[in-house]
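Worksheet for the structure shown next.
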Amino acid sequence: MAPWLIGTAVLTIGPMLWSLYLSFTDYHLIRGGDFVGLANYTAIFDDPMFARAVKVTLLYVVLAVPIKLVASLAVAMLLAQNRRGMGFYRAAFYMPSLIAMSVGIAIVWKALFSQNGPQDKFMSMFGWDGGGFIGNPSVSIVMLVLLSVWTFGAPMVIFLAGLMQVPQELYEAADVDGASKWEKFKNITIPMLSPVIFFNVLMETVHAFQLFGPAYIIGGDSGAPAWSTLFYTVRIYTLAFTDFRMGYASAWAWVLVLAVGIVTLIMFRAAGQLVYYAGEDNK
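In terms of this note's numbering, the sequence shown is residues 816 to 1098.
Structure follows, in structure tokens:
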């Protein structure tokens, strides 16, 4: 058996199967536990924190994914031009994606936009008394979205590679026909780029559902302020490593796995109708 297969079995498949087993128990890190069947799963839907965590997570996905991808596509189209110095700008726009979602940057982000931080002191000169953007329940989720959008470098590079593969003859033919920039974008760029768009939407959606580090740094295990940053993954962590309820936390985790799997399946089914593959007969 190849070493990577052993690593996958030991470090991925094994823990997943163990967590699946734990989800059917009331296992506690200190006192152990017994088999309880589906009790954990039924308890989830009676847990008031479940609705809060789902609401916050879905709101983040709905906001962060489209904004991030629109920004990355717009910048990619600008950087796809054959002009001097584009290599520098491409590297400059990509660099934040290497560090922006790290714990260190999340700590800096929290320091900048929390109460009595630089942003709060600057805004106070204009009469602002909001206690910092991160301390405001109505704005805290937006700050996490902005932190995510800052990392558009990765999907931007993928969009850029896709744009480079679009045949220029199509644009030249459209110019001959007198097509406007919008018509060329709608009828050439989007269809030819649709496989890349689908890939980026899929990957960013899955990543958004799994957001943990920045949310935990900014809101803690309670999802402060007022549960506005109580992401689903943060709730799983709290149940497992604060309350030590590993069985219940595992059930929460498997509900997330199932939900992301369903969303992924729906997206693949939709892709069959919406994604254009050159050289294939798309029905």
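Glycine is no exception: its CB is placed at the ideal position from the N, C-alpha and C atoms.
Proximity to residue i [Cα-Cα], best of the options
| i | options | result |
| --- | --- | --- |
| I768 | A1068, G1038, M1082 | The requested residue 768 is not part of the displayed model; the chain covers only 816 to 1098. |
| A868 | L1080, T1079, D1036, R1060 | D1036 |
| M892 | I882, M831, V880, R905 | R905 |
| N951 | L888, S1043, L1017 | S1043 |
| G947 | T1079, V960, A969, L927 | L927 |
| S955 | P818, A1041, M831 | A1041 |
| N1015 | I1051, L884, V877, M1082 | L884 |
| A976 | L894, A824, N855 | L894 |
| H1022 | T1053, V964, V981 | V964 |
| N855 | L878, V1075, R898, G1062 | G1062 |
| L1071 | L835, G822, F1056 | L835 |
| A889 | V1075, D944, F908, L874 | F908 |
| I914 | V871, A969, L853 | A969 |
| I845 | A866, T1057, Y1092, P933 | T1057 |
| A1066 | I1051, G1076, V1075 | I1051 |
| V1131 | G902, H843, L873 | Outside the displayed range of the chain (816 to 1098) lies residue 1131, so it cannot be described from this structure. |
| A1064 | V877, M831, S953 | M831 |
Whole-angstrom distance between residue j and residue i, CA atom to CA atom
| i | j | result |
| --- | --- | --- |
| W924 | L962 | 8 Å |
| D841 | V851 | 6 Å |
| M848 | F1024 | Position check: residue 848 holds Gly in this sequence, whereas Met was assumed. Cα to Cα, G848 sits roughly 29 Å from F1024. |
| G1038 | A1030 | 8 Å |
| R1060 | L1073 | 20 Å |
| M910 | G900 | 16 Å |
| I922 | S929 | 10 Å |
| G993 | Q983 | 15 Å |
| F1046 | Y986 | 44 Å |
| Q1099 | V957 | In the structure as shown, the chain starts at 816 and stops at 1098, and residue 1099 therefore has no counterpart that could be examined. |
| S838 | D861 | 16 Å |
| L820 | W833 | 18 Å |
| A1017 | T1079 | The sequence given here places Leu at residue 1017; Ala does not occur at that position. Each residue's Cα considered, the two are about 7 Å apart. |
| M1082 | V1011 | 14 Å |
| P863 | I1077 | 23 Å |
| L826 | V871 | 30 Å |
| P933 | L853 | 49 Å |
| T857 | F865 | 12 Å |
| W943 | P818 | 58 Å |
| K936 | S953 | 19 Å |
Where residue i sits in the DSSP three-state scheme
| i | result |
| --- | --- |
| G900 | coil |
| F860 | coil |
| G852 | coil |
| G1038 | coil |
| G847 | strand |
| T872 | helix |
| T840 | strand |
| V960 | helix |
| Y909 | helix |
| D1104 | With the chain covering only 816 through 1098, there is no way to say anything about residue 1104. |
| S887 | helix |
| A895 | coil |
| F1083 | helix |
| Q1088 | helix |
| P818 | helix |
| P1105 | Outside the displayed span of the chain (816 to 1098) sits residue 1105, for which this structure offers no information. |
| T827 | helix |
| W1100 | What is shown of the chain runs 816 to 1098, which leaves residue 1100 out entirely. |
| S834 | helix |
| W924 | helix |
Residue i Cβ short of 7 Å to the ligand FAD heavy atom set
| i | result |
| --- | --- |
| G1038 | Looking for the ligand FAD in the displayed structure turns up nothing, as the structure carries no ligands at all. |
Residue i vs residue j beta-carbon contact at 8 Å
| i | j | result |
| --- | --- | --- |
| F967 | S912 | yes |
| F1013 | V1090 | yes |
| I1099 | A989 | Since the displayed the chain opens at 816 and closes at 1098, residue 1099 lies outside it and no answer follows. |
| L959 | I1033 | yes |
| G829 | V918 | no |
| S887 | M1007 | no |
| T1020 | V880 | yes |
| Y875 | L1026 | yes |
Chain C within 8 Å of residue i, Cβ atoms only
| i | result |
| --- | --- |
| V1070 | Annotation note: the requested chain C is absent from the structure, which comprises a single protein chain. |
Taking only runs that begin and end inside the stretch 978-1062, name each unbroken alpha helix (DSSP H) of 4 or more residues, in chain order.
983-991, 996-999, 1005-1024, 1028-1034, 1047-1056
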